[in-house]
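There are 2 protein chains.
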Amino acid sequence: MGTEEIKLAGLKVTLPRTRILQILETNKTRHMSAEDVYRVLLDDDASSIALATVYRVLTQFETAGLVIRHNFEGGQAVFELDNGEHHDHMVCLKSGKIVEFHDEIIEQRQREIAKEHGFELADHSLILYGEFKGK
Amino acid sequence: MGTEEIKLAGLKVTLPRTRILQILETNKTRHMSAEDVYRVLLDDDASSIALATVYRVLTQFETAGLVIRHNFEGGQAVFELDNGEHHDHMVCLKSGKIVEFHDEIIEQRQREIAKEHGFELADHSLILYGEFKGK
DNA sequence: ATCAATGCAAAAACTTTGCACTGAT
DNA sequence: ATCAGTGCAAAGTTTTTGCATTGAT
Numbered sequence: 032m033g034t035e036e037i038k039l040a041g042l043k044v045t046l047p048r049t050r051i052l053q054i055l056e057t058n059k060t061r062h063m064s065a066e067d068v069y070r071v072l073l074d075d076d077a078s079s080i081a082l083a084t085v086y087r088v089l090t091q092f093e094t095a096g097l098v099i100r101h102n103f104e105g106g107q108a109v110f111e112l113d114n115g116e117h118h119d120h121m122v123c124l125k126s127g128k129i130v131e132f133h134d135e136i137i138e139q140r141q142r143e144i145a146k147e148h149g150f151e152l153a154d155h156s157l158i159l160y161g162e163f164k165g166k
Numbered sequence: 032m033g034t035e036e037i038k039l040a041g042l043k044v045t046l047p048r049t050r051i052l053q054i055l056e057t058n059k060t061r062h063m064s065a066e067d068v069y070r071v072l073l074d075d076d077a078s079s080i081a082l083a084t085v086y087r088v089l090t091q092f093e094t095a096g097l098v099i100r101h102n103f104e105g106g107q108a109v110f111e112l113d114n115g116e117h118h119d120h121m122v123c124l125k126s127g128k129i130v131e132f133h134d135e136i137i138e139q140r141q142r143e144i145a146k147e148h149g150f151e152l153a154d155h156s157l158i159l160y161g162e163f164k165g166k
């Protein structure tokens, strides 16, 4: 389970970290804001973990490469577990539903474009905004 | 000049709006945060236009389709004039330099992917982060 | 004259930080 | 015992809003 990952990240294995990682692993929606995580903590636990701690832990997890932070529209950053498989996102402007996708053609073109501009690509963010229409 | 566009947007032609549009049109860097615009106003003008007004006007311009708001990394939103030609961005993490690009292959793939998911595409955001290397 | 637009200050929303206490090793 | 981790409250940042005044038509 997650305890290992925390240790490998050079962080002490504490209750807040274990719980937050657990929540990220088990929550039905993969993408959660700090507030989302905090709310689950409030509901599930009798324990009291501060919102500030949630932010701190998520930031540490991000630094450690355990989670990825996204800045979608709407102020709040959202976090998701980094499963190692890069992907982009489709965000429904109506429901907030998020679907992940990966397209090698797009990835390839990005690398080419960067190269053409003498740009050393470190990362990228591709988000499609729109609306899921019932099939 | 810009006066027409403001009128067409259904907004009264006022000094703050004229000046802000003018700044967006003439500033050497196309992408400016509200603070950037505000700073130019402070320097150039004896007039005093409030930061709140800059935010209000930029938001109105966005609604009117005159400018586009981007949420790049780093907290502050940046605005650019909408010249009608859609493009994406390369952002240098070192210098902050921004280069625009457009790639029809990527655009096309996005449309296809959206279609495959029953997703009605309204908009998208593609940002490449990295570093420009001397040629 | 009318009603939108603005300045100012206050508030809101999100996130970070200082500090004294707690807890993992 | 030590030093990282945490809770709490306070502060920081960016953006928005309420309200009285100003200004465009």
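The listed protein sequences correspond, in order, to chains A and B. Here our numbering is used: position 25 in the first sequence is 56, and no number is missing along the way. Here our numbering is used: position 53 in the second sequence is 84, and no number is missing along the way. Idealized CB from N, CA, C, for every residue including glycine.
Is the CB of residue i under 8 angstroms away from at least one CB in chain A?
| i | result |
| --- | --- |
| Arg140(B) | yes |
| Gly161(B) | yes |
| Gly96(B) | no |
| Asn114(B) | no |
| Ala145(B) | yes |
| Leu72(B) | no |
| Phe110(B) | no |
| Glu131(B) | no |
Report yes or no: is there a C-beta of chain B within less than 8 angstroms of the C-beta of residue i?
| i | result |
| --- | --- |
| Ser126(A) | no |
| Ser78(A) | no |
| Ile54(A) | no |
| Leu152(A) | yes |
| Phe92(A) | no |
| His62(A) | no |
| Glu66(A) | no |
Considering Cα atoms alone, identify which of the options is closest to residue i.
| i | options | result |
| --- | --- | --- |
| Ile129(A) | Arg142(B), Glu111(B) and Phe150(B) | Phe150(B) |
| Pro47(A) | Glu104(A), Glu66(A), Asp67(A) and Arg87(A) | Arg87(A) |
| Glu84(A) | Thr60(A), Gly96(A), Ala77(A) and Thr45(A) | Looking at the sequence shown, residue 84(A) is not Glu but Thr. The residue with the shortest Cα to Cα distance from Thr84(A) is Thr45(A). |
| Arg50(B) | Ala40(B), Val68(B), Leu39(B) and His62(B) | Val68(B) |
| Ile144(A) | Glu143(B), Glu135(B) and Thr34(B) | Glu135(B) |
| His62(B) | Thr34(B), Ser79(B), Ala81(B) and Phe110(B) | Phe110(B) |
| Lys125(A) | Glu138(A), Leu97(A) and Tyr160(A) | Tyr160(A) |
| Gly127(A) | Asn114(A), Gly115(A) and Gly105(A) | Gly105(A) |
| Glu36(B) | Asn114(B), Lys164(B) and Glu131(B) | Asn114(B) |
Would you kindly work out how many angstroms separate the C-alpha atoms of residue i and residue j, rounded to a whole number?
| i | j | result |
| --- | --- | --- |
| Leu112(A) | Asp119(A) | 14 angstroms |
| Arg100(B) | Glu93(B) | 7 angstroms |
| Ala153(B) | Gln141(B) | 11 angstroms |
| Leu55(A) | Leu42(A) | 17 angstroms |
| Phe103(A) | Asp75(B) | 34 angstroms |
| Glu138(B) | Glu138(A) | 12 angstroms |
| Ala77(A) | Ala95(B) | 49 angstroms |
| Ala40(A) | Ile158(A) | 29 angstroms |
| Ala108(A) | Gln53(B) | 33 angstroms |
| Lys38(B) | Gly33(A) | 58 angstroms |
| Thr57(B) | Met121(A) | 35 angstroms |
| Arg70(A) | Lys59(A) | 14 angstroms |
| Leu72(A) | Ile80(B) | 45 angstroms |
| Glu131(B) | Lys164(A) | 31 angstroms |
| Leu82(A) | Leu82(B) | 30 angstroms |
| Gln91(B) | Gln91(A) | 38 angstroms |
In the structure shown, what three-state DSSP assignment does residue i receive?
| i | result |
| --- | --- |
| Ile137(A) | helix |
| Ala145(B) | helix |
| Ile80(B) | coil |
| Leu42(A) | coil |
| Glu104(B) | coil |
| Glu151(B) | strand |
| Leu72(A) | helix |
| Leu97(B) | coil |
| Glu116(B) | coil |
| Leu159(A) | strand |
I think residue i touches residue j, with their Cβ atoms under 8 angstroms apart; what is that distance to the nearest whole Å?
| i | j | result |
| --- | --- | --- |
| Cys123(B) | Glu162(B) | 6 angstroms |
| His133(A) | His117(A) | 7 angstroms |
| Ala65(B) | Leu89(B) | 6 angstroms |
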